[in-house]
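Peer 1:
In my numbering, the protein residues as written are 30 to 148.
#1: Closest to residue 79 by CA distance: which of 47, 63, 141 is it?
#2: What does the alpha-carbon distance come out to for the pair residue 133 and residue 126?
#3: Could you name the residues that DSSP lists as bridge partners for residue 84?
#4: For residue 55, which of helix, strand or coil comes out of DSSP?
#5: Going by the CB atoms, is the gap between residue 56 and residue 41 shorter than 8 Å?
#6: So the candidates are 30, 72, 118, 38; which of them puts its Cα closest to the Cα of residue 50?
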């Protein structure tokens, strides 16, 4: 999803993410696309609603930070850097039968957004 948002203005990115959340705008799958259904005009695509909500939350935080630092029009700024990196794994165990246990880990993601003013 970060690939689709990179280079867009904040308003364009917000509209795109809201379209994904409302299941109107599909996100093309580039890597893990086996058995993914094709959507009209985009090829293999999905609607990652949870990821879109997370990106929208981080985007709104970046806009609020830009307003706080005194930028005049943060909505017209461009998303220069937007990345999703693997974060730390939260370890856990699930009890099983006969006194055994299985790992029950949660993977996390670190999202990074850098806004740049258009000159």
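Don't be surprised by glycine CBs; every beta carbon is placed ideally from N, CA and C. The model shown is predicted, which means the values in this text are computed figures rather than measured ones.
Peer 2: Reading off the structure:
#1: As a first step, residue 79 is located in the chain shown; it is residue number 50 there, counting from the start. Put simply, of 47, 63, 141 the residue whose alpha carbon is nearest the alpha carbon of residue 79 is 47.
#2: Here residue 133 corresponds to residue number 104 of the chain shown, with the count starting at 1. Here residue 126 corresponds to residue number 97 of the chain shown, with the count starting at 1. Each residue's Cα considered, the two are about 15 Å apart.
#3: The residue labelled residue 84 in the question sits at position 55 within the chain shown. According to DSSP, residue 84 bridges with nothing at all.
#4: Along the chain shown, read from residue 1 onward, the residue named residue 55 stands at position 26. Residue 55 falls in the coil class under three-state DSSP.
#5: Here residue 41 refers to the residue found at position 12 of the chain shown. Here residue 56 refers to the residue found at position 27 of the chain shown. Cβ atoms of residue 41 and residue 56: not closer than 8 Å.
#6: Mapped onto the chain shown, residue 50 falls at position 21. With distances taken between Cα atoms, residue 50 lies closest to 30.
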